[in-house]
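K.L.:
Before anything else, here's the structure in question.
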Amino acid sequence: MDPLRAVHLGPRKKRPKQMGTSAASTLHDIRFQDLVLFILEKKMGSTRRAFLMDLARRKGFRVENELSDSVTHIVAENNSGTDVLEWLQEQNIKATSELELLDISWLIECMGAGKPVEMTGKHQLLVRGSSPSPIPVSEMKTPPLAVRKISQYACQRRTTLNNCNHIFTDAFEILAENYEFRENEGSCLAFMRAASVLKSLPFPVISMKDTEGIPCLGDKVKCVIEGIIEDGESSEVKAVLNDERYKSFKLFTSVFGVGLKTAEKWFRMGFRTLSTIKSDETLKFTRMQKAGFLYYEDLVSCVNRVEAEAVSVLVQEAVAHFLPDALVTMTGGFRRGKMIGHDVDFLITSPGAAEEEEQQLLHQVTNLWKQKELLLYCDHIESTFEKFKLPSRKVDALDHFQKCFLILKLPHQRVDTDRSSQHEGKGWKAIRVDLVMCPYERRAFALLGWTGSRQFERDLRRYATHERKMMLDNHALYDKTKANSPALPRRMFLEAESEEEIFAHLGLDYIEPQERNA
Ligand code: CTP
Ligand code: MN
Ligand code: MN
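All residue numbers in the sequence shown are consecutive under UniProt numbering, ending with 518.
Structure below.
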């Protein structure tokens, strides 16, 4: 019997509950008229097929129950093109050249995008030779439920920016933020970890079965996943997005210099908009908040890569003016390959500088920019670094290097090499910049610490502590297992010239910066 009939036409009691109704195709508006899909049940199973058909229909796709002449796209899973052709032959159907034979990955990407995505070579099923033959095992695709063990630590996972679980991770991040605003640290962390682990998956989660064996997914998290699989959205997230407190905190903390405490205060005072806060004469603002309001529009618009590169040139030029041998490295999100960021981070170090010169550099650089009228805000933090200070036990501890938090004026002509292009307005953009200066022998630790992501850093430290009995922070790696030996305390500090060496000390496979987007 055609299993489809069991689902859509058969006795009602046999129908799995989430599969929609027998008239599913007529219940949803068809948004994409040019495509007529047919999903092959072979090797996929009837339950999964029915789920996918329902999902696609909800997204506005026309999906046929049975194969007919009107079908334009056949979607299959774990089948080669040859398999599909073989099946078509068995049905006495001749495939025409117009008929697209596609892998399930195409449909899944369409579901993620909410519209048909371009069909590329990786989606199109290959037909080998002229006569149908069974696919060799080596060509069989790994099913989503691969029995590969996923680590609970982000530093043992490779997380690129190709997140195929946006639908879930966006939801988790909103929930985590809401818990943060409500100072519920445990739940905040649980949703951040869940988001982080789903970002590392090479496949999109489309059924609860896909979540089996994945760490960091507690009951609360699974509940949200289930809601999204069934309804395409989470009712909890919807409620948070409409929540007065969440909306206000989100808005208030978008101002540079406004943290949870200030947001809480303003919320309790009854403020709901930035304009009423700005114009209130009884409120006192810090220097940072004043700058935050003054350059609000520029700062919320985020920094793109072209702007980050232009800032990089500005920093390189200024640093080289005072310390020609200094090394300037862009760190943070841009080093991980992100195309936008909320700021641009730089690590500066010099192999030849004397301590005094090292201490002076950031001041000299900011003074130079001040003279050139490029400095809009500047906050210097002096170094509290000590050679033999033990690494911090806290996963979120601030580091001890000398640094400055800045807002720079980036002239448009430094971004546009095409001088003829016209710009309206003030001719520059305010950009948040972080500069960190570190002793040359600590550059590997500082670089690793300032490259992020925050979740990746947290898990590196957690891993060092719990799995290796070591302590890691932005300055050093300390081996506690050597603490009982008669060696001098300094022997317990493990030195490193590069990030690779730190991973090696920790017994971890090296993870490239682009794979640290946990
Ligand atoms: N960091 C740190 N100490 C701080 C601030 C940041 O160690 N006081 C590290 C964090 O580990 C973080 C990295 O520096 O991952 C960069 O911080 P930040 O600019 O806040 O985050 P990005 O990852 O660069 O993200 P964005 O693109 O939003 O700037
Ligand atoms: Mn950054
Ligand atoms: Mn930063």
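Think of the CB as a built atom: it goes at the ideal place given N, C-alpha and C, for glycine as much as any other residue.
DSSP three-state call for residue 393: helix, strand or coil?
P.N.:
Translated into positions along the sequence shown, residue 393 becomes position 393. It is coil, neither helix nor strand.
K.L.:
Entirely within the region 400-430 and at least 3 residues each: give me those beta strand (DSSP E) ranges in chain order.
P.N.:
402-411
K.L.:
Under the assumption that residue 71 contacts residue 38 (Cβ atoms under 8 Å), give the Cβ distance between them as a whole number of angstroms.
P.N.:
Position 71 of the sequence shown, counted from the start, is the residue given in the question as residue 71. Position 38 of the sequence shown, counted from the start, is the residue given in the question as residue 38. Contact holds; Cβ gap of about 4 Å.
K.L.:
Count the other CB atoms within 10 Å of the CB of residue 216; is the residue buried (16 or more) or exposed (fewer)?
P.N.:
Taking the sequence shown and counting its residues from 1, one reaches residue 216 at position 216. With 16 or more Cβ atoms within 10 Å of its Cβ, residue 216 is classed as buried.
K.L.:
Nearest by alpha-carbon distance to residue 335: which of 249, 517 and 244 is it?
P.N.:
In the sequence shown, the residue the question calls residue 335 occupies position 335. Of 249, 517 and 244, the smallest CA-CA separation from residue 335 is found for 517.
K.L.:
Is the region 374-393 close to the region 330-348, with three or more CB pairs under 8 Å?
P.N.:
no
K.L.:
Tell me the rounded alpha-carbon separation between residue 369 and residue 363.
P.N.:
One-based indexing of the sequence shown puts residue 369 at position 369. One-based indexing of the sequence shown puts residue 363 at position 363. Residue 369 and residue 363: Cα-Cα distance of roughly 10 Å.
K.L.:
Using a Cβ-Cβ distance under 8 Å, would residue 120 count as near chain C?
P.N.:
Among the protein chains of the structure shown there is no chain C, as only one such chain exists.
K.L.:
How is residue 76 classed by DSSP in three states: helix, strand or coil?
P.N.:
The sequence position of residue 76 within the sequence shown is 76, counting from 1. Three-state result, residue 76: strand.
K.L.:
Thinking just about the alpha-carbon of each residue, which of 275, 182, 327 and 395 is nearest to the one in residue 454?
P.N.:
Translated into the one-based positions of the sequence shown, residue 454 becomes position 454. Taking residue 454 as reference, the option from 275, 182, 327 and 395 with the minimal CA-CA separation is 395.
K.L.:
Tell me which residue opens and which closes the beta strand (DSSP E) that residue 475 is part of.
P.N.:
In the sequence shown, counting from the first residue as 1, residue 475 sits at position 475. Per DSSP, residue 475 belongs to no beta strand (DSSP E) and is neither H nor E.
K.L.:
For the region 347-380, list the alpha helix (DSSP H) runs that are entirely contained and at least 4 residues long, ordered along the chain.
P.N.:
355-371
K.L.:
What residues in its chain sit with their C-beta under 7 Å from that of residue 88, if we drop five residues either side in the sequence?
P.N.:
For the purposes of this step, residue 88 is taken as residue 88 along the sequence shown, with counting starting at 1. Excluding sequence neighbours, residue 88 sits near 95.
K.L.:
Kindly identify the DSSP beta-bridge partner or partners of residue 471.
P.N.:
To locate residue 471, count along the sequence shown from 1; it is residue 471. Bridge pairing for residue 471: 478 [DSSP].
K.L.:
Go through the region 270-301 residue by residue and report every complete run of the alpha helix (DSSP H) that reaches 4 residues or more, in order.
P.N.:
274-278, 287-294 and 296-300
K.L.:
Do the region 311-320 and the region 280-297 touch if we need at least three Cβ pairs shorter than 8 Å?
P.N.:
no
K.L.:
Would a C-beta distance cut-off of 8 Å place residue 330 and residue 301 closer than the cut-off?
P.N.:
Taking the first residue of the sequence shown as 1, we reach residue 330 at position 330. Taking the first residue of the sequence shown as 1, we reach residue 301 at position 301. Contact: no.
K.L.:
What does the alpha-carbon distance come out to for the pair residue 213 and residue 149?
P.N.:
Position 213 of the sequence shown, counted from the first residue, corresponds to residue 213. Position 149 of the sequence shown, counted from the first residue, corresponds to residue 149. Cα-Cα distance, rounded: 7 Å.
K.L.:
In three-state terms, what does DSSP make of residue 71?
P.N.:
Stepping through the sequence shown from its first residue, residue 71 is reached at position 71. If DSSP states are grouped into helix, strand and coil, residue 71 belongs with coil.
K.L.:
Could you tell me the boundaries of the alpha helix (DSSP H) in which residue 192 lies?
P.N.:
Position 192 of the sequence shown holds residue 192. Residue 192 -> alpha helix (DSSP H) spans 185-199.
K.L.:
Spatial neighbours of residue 141 within its chain, please: C-beta separation below 7 Å, excluding the five flanking residues on both sides.
P.N.:
Start at 1 with the first residue of the sequence shown, and residue 141 comes out as number 141. Unreliable placement is indicated for residue 141, whose pLDDT of 45 sits below 50; no coordinate value is reported for it.
K.L.:
So the candidates are 181, 375, 230 and 120; which of them puts its Cα closest to the Cα of residue 295?
P.N.:
Within the sequence shown, residue 295 is the residue found at index 295, counting from 1. Taking only the C-alpha atoms, the option nearest residue 295 is 375.
K.L.:
Roughly how many whole angstroms lie between the Cα atoms of residue 498 and residue 197?
P.N.:
Position 498 of the sequence shown, counted from the first residue, corresponds to residue 498. Position 197 of the sequence shown, counted from the first residue, corresponds to residue 197. Each residue's alpha carbon lies about 26 Å from the other.
K.L.:
For the 8 Å Cβ check, are there 3 or more pairs between the region 244-252 and the region 266-277?
P.N.:
yes
K.L.:
Using CA coordinates, which residue listed in 378, 357 and 358 is at the minimum distance from residue 366?
P.N.:
For the purposes of this step, residue 366 is taken as residue 366 along the sequence shown, with counting starting at 1. Nearest C-alpha to residue 366: 378.
K.L.:
What's the C-alpha gap between residue 124 and residue 447?
P.N.:
Here residue 124 corresponds to residue number 124 of the sequence shown, with the count starting at 1. Here residue 447 corresponds to residue number 447 of the sequence shown, with the count starting at 1. Straight-line Cα distance between these residues: approximately 42 Å.
K.L.:
Who are the Cβ neighbours of residue 221 in its own chain at under 6 Å, not counting the five residues just before and after it?
P.N.:
On the sequence shown, residue 221 is found 221 positions in, with the first residue counted as 1. Closer than 6 Å at Cβ, skipping near neighbours: 194.
K.L.:
My guess is that residue 399 and residue 473 are in contact by the Cβ rule of under 8 Å, so how many angstroms apart are they, rounded?
P.N.:
Against the sequence shown, residue 399 aligns to sequence position 399. Against the sequence shown, residue 473 aligns to sequence position 473. Going by Cβ atoms, the distance from residue 399 to residue 473 rounds to 7 Å, so yes, they are a contact pair.
K.L.:
Rank 462, 100, 470 and 112 by C-alpha distance to the C-alpha of residue 34 and give the top, closest one.
P.N.:
Against the sequence shown, residue 34 aligns to sequence position 34. When only C-alpha atoms are compared, the closest one is 100.
K.L.:
Please state whether DSSP places residue 313 in a helix, a strand or coil.
P.N.:
Here the question's residue 313 lines up with position 313 in the sequence shown. Residue 313: helix per DSSP, three-state reduction.
K.L.:
Suppose the cutoff is 6 Å on Cβ atoms and the five residues either side in sequence are ignored; what does the same chain contact list for residue 503 look like?
P.N.:
By one-based count along the sequence shown, residue 503 stands at place 503. Counting only residues of its own chain and dropping the five nearest sequence neighbours on each side, residue 503 has a CB closer than 6 Å to the CB of 510.
K.L.:
Give every residue whose Cβ lies closer than 7 Å to any heavy atom of ligand 3, listed in chain order.
P.N.:
Counting only heavy atoms of ligand 3, the residues whose C-beta sits closer than 7 Å to one of them are, along the chain, 332, 343, 345 and 434.
K.L.:
Excluding the 5 residues preceding and the 5 following residue 298 in the sequence, name in chain order all residues of the same chain whose CB lies nearer than 8 Å to its CB.
P.N.:
Locating residue 298 in the sequence shown gives position 298, counting from the first residue. If we look at residue 298 and ignore the five residues flanking it on each side, its Cβ neighbours are 429, 430 and 431.
K.L.:
Going by DSSP, which residues form a beta bridge with residue 102?
P.N.:
Working through the sequence shown from its first residue, we reach residue 102 at position 102. According to DSSP, which records beta bridges pairwise, residue 102 is partnered with 75 and 124.
K.L.:
Straight-line CA distance for residue 467 to residue 238?
P.N.:
Here the question's residue 467 lines up with position 467 in the sequence shown. Here the question's residue 238 lines up with position 238 in the sequence shown. Spanning the two alpha carbons is a distance of roughly 39 Å.
K.L.:
Bridge partners of residue 462, per DSSP?
P.N.:
On the sequence shown, residue 462 is found 462 positions in, with the first residue counted as 1. In the DSSP output, where bridge partners are listed per residue, residue 462 has none listed.
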